[in-house]
Amino acid sequence: MKKFFALALSLMMAFSLVACGSGNTPAASAGSATGSAEGSAAVSDANVGVFYYSFSDTYISSVRTALDAQLEAAGLKYQDYDGNSNQTTQNEQIDTAITSGTTLLIVNLVTSGSSDSAAAIAEKAKTAGIPVIFFNRAVEEDGKEGTVLGAYDNIAFVGTDAPEAGHMQGQMIGQYVVDNYDAMDLNGDGKISYAMFKGDASNVEAIYRTQYGVEDANTIIEAAGKPALTYFDASNTDGFQLDLQGNWSAQAANEYMTTNLSQYTEANGNMIELIICNNDNMAEGCISALNAAGYNLGNGQDGKTIPVFGVDATDSAKQLIADGKMTGTIKQDADGMAEAITYLASNAAAGKDLMDSTDSYTKDTANNLNNKIFIAYQAYSG
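Okay, so the sequence shown: first residue is 40 according to the working numbering, each after it adds one.
Printed below as a string of structure tokens:
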């Protein structure tokens, strides 16, 4: 049934005008379809509130574009809200939406991995008698799976298996280093020095990407008889540079990398030879700093290229890879996430259980959570 629904969406989207008009405030935008799926009165009566942690996040913007289009094609009226990285703002938006008659909450939680924040929203939905679908950002602390998702009815999560991106990135990096070890060793000291950029101190995705991006790489590197990666700054015991605002931002990475490159050079024998980023935004910021210093100028340009790896496979990152300025990334499937969310939303609008006919999706079987859907990551190197 999932395949039939996805095909139906594709056909409807081909003949639909996909548009999103202005809402009443800058923090909100609204859209609605001209028709309804199969003429269903239940679907046409649906009023969906979609709450994003931040419109400014590049990956989230791609999810928003895809989700707007799919909700539109499914005949579901919706309104988007920008939480602007503030949980209080998001909570107030949800209160307002419920008061205004919203029949379904789709929530990209601001405070990632906070069961308290997620439970507060689940309680609002329960009191209003409406379903809630969380997506992308974890709703529970690592090791406390089911605290929220297993405690409420009419609740679901669509996202990723948090460690997977870190494992895949680490494996990609490890193989690349083994294949290019001598060329990467810019200062000829027999080891590869790396920089790591972490997007958020408490986000479980950031934690696992930071850990496994290095650990899994080293497993492959050492198995090939090469020395493990060395963090470029011996005085930094964390082994990463953190976006202190938790925004996974290009600006934070650019500022760090610009400073790094003023202190660590081939000439002084402690050159950064590999860059690992939790997301593509931070990778782009690093590449801008490298370009300013004469590195990673792209295909056909003079100068050396320092391998840069990210996560998300945003359009801009794909272009940087095609241009020879970036090495690889891990695709986080925005379209797949939007499709799964829309499928659950259509179930709710039709008066069905959220998880009706979802057996073809990958679930969190390790924690016995049938209402937690995982969208798979994929390696991308052009």
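Yeah, the Cβ is synthetic: ideal placement off N, Cα and C, and Gly gets one too.
Using three-state DSSP, classify M321 as helix, strand or coil.
Note: M321 maps to helix in three-state DSSP.
In this structure, how does DSSP classify D119 when only helix, strand and coil are distinguished?
Looking at D119 - three-state DSSP - the assignment turns out to be strand.
Determine, using beta carbons only, whether F271 and I315 come nearer to each other than 7 angstroms.
Going by C-beta atoms, F271 is not nearer than 7 angstroms to I315.
Report the option in F90, D107 and E111 whose CA atom is closest to the CA atom of T128.
The shortest Cα separation from T128 among F90, D107 and E111 belongs to F90.
In the DSSP assignment, find the beta strand (DSSP E) that holds N309 and state where it starts and stops.
Neither: N309 is in no beta strand (DSSP E) and is coded neither H nor E.
When the Cα atoms are used, what is the spatial distance from P202 to Y251?
Taking the straight line from one Cα to the other gives about 8 angstroms.
D403 lies in the alpha helix (DSSP H); which residues open and close that run?
Here D403 belongs to no alpha helix (DSSP H); instead the beta strand (DSSP E) covers T401 to D403.
Which residue marks the beginning of the beta strand (DSSP E) containing Y416, and which one marks its end?
Per DSSP, Y416 belongs to the beta strand (DSSP E) from Y416 to Y419.
Report yes if the CB atom of I380 is closer than 7 angstroms to the CB atom of V197, and no otherwise.
For I380 and V197, yes; Cβs fall inside 7 angstroms.
Per DSSP, N371 forms a beta bridge with which residues?
The sequence shown places Gln at residue 371, not Asn. According to DSSP, Q371 bridges with Y416.
Among D351, L336 and V350, which has the Cα closest to the Cα of T344?
Closest option to T344, Cα to Cα, is L336.
Do A245 and I212 come within 7 angstroms of each other at the CB atom, strictly closer than that value?
In this structure, A245 does not lie closer than 7 angstroms to I212 by Cβ.
Could you pull out every residue in the same chain whose Cβ sits closer than 7 angstroms to the Cβ of A361, ignoring the five residues on either side in sequence?
Counting only Cβ-Cβ distances below 7 angstroms, and skipping sequence neighbours, we find G421.
Should N307 go down as buried or exposed, given a rule of 16 or more other Cβ atoms within 10 Å for buried?
Counting Cβ neighbours within 10 Å, N307 comes out exposed, since fewer than 16 surround it.
What span of residues does the alpha helix (DSSP H) with S101 cover, start to end?
Start and end: T97 to A112.
Check this for me: beta carbons of S101 and A373, under 7 angstroms apart or not?
Contact: yes.
Measure how close the beta-carbons of Q371 and D351 come, nearest whole angstrom, since I'm counting them as under 8 angstroms.
That belief holds up - the Cβ atoms of Q371 and D351 are roughly 5 angstroms apart, short of 8 angstroms.
Return the chain-ordered ranges of every beta strand (DSSP E) run that is complete within the region 191 to 256 and spans a minimum of 3 residues.
Taking only runs of at least 3 residues, the beta strand (DSSP E) segments lying wholly in the region 191 to 256 are 194 to 198 and 232 to 237.
Under DSSP, the alpha helix (DSSP H) around Y295 begins and ends at which residues?
It spans A289 to Q302 - the alpha helix (DSSP H) in which Y295 sits, taken as one unbroken run.
From D134 to P170, what does the alpha carbon distance come to, in whole angstroms?
For D134 and P170, the distance between alpha carbons rounds to 14 angstroms.
Pick from A158, Q214, S124 and Y400: whose alpha carbon is nearest that of V187?
For V187, the nearest C-alpha among the options comes from A158.
To which residues does DSSP link N147 through a beta bridge?
N147 is not bridged to any residue.
With H, G and I counted as helix, E and B as strand and the rest as coil, what does DSSP make of I172?
I172: strand per DSSP, three-state reduction.
Tell me whether N335 sits in a helix, a strand or coil according to DSSP, three-state version.
Three-state result, N335: coil.
For L283, name the three-state secondary structure that DSSP assigns.
DSSP places L283 in coil when its eight states are reduced to three.
Give me the DSSP bridge partner(s) of K357.
Beta-bridge pairing links K357 to no other residue.
In whole angstroms, what separates the C-alpha of T404 from that of I414?
Looking at the two C-alpha atoms, the distance is approximately 14 angstroms.
Please report whether the beta-carbon of Y295 lies at a distance below 7 angstroms from any beta-carbon of chain C.
Absence of chain C from the displayed structure is noted, only one protein chain being present.
Whole-angstrom Cβ separation of N309 and S232, contact assumed at under 8 angstroms?
Contact flag correct, Cβ pair sits at about 7 angstroms.
Can you tell me whether S399 is buried or exposed, with buried defined as 16 or more other CB within 10 angstroms of its CB?
Looking at its Cβ environment, which holds fewer than 16 other Cβ atoms inside 10 Å, S399 is exposed.
Per DSSP, which one or two residues make a beta bridge with I315?
BP columns for I315 point to M235 and F348.
Note down, in chain order, each residue of its chain lying with its Cβ closer than 6 angstroms to the Cβ of G367, except the 5 sequence neighbours on either side.
Excluding positions up to five away in sequence, the list reads M211, F348 and S420.
What residues are listed by DSSP as bridge partners for K364?
None, per the DSSP bridge assignment.
Would you kindly work out how many angstroms separate the C-alpha atoms of I145 and G333, rounded to a whole number?
Taking the straight line from one Cα to the other gives about 44 angstroms.
In terms of alpha-carbon separation, which member of F236, T141, L106 and K230 lies closest to A85?
Answer by Cα proximity: T141.
Only counting the same chain, and skipping five residues up and downstream in sequence, which positions put a Cβ closer than 8 angstroms to that of K183?
Within the same chain, K183 has close Cβ partners S154.
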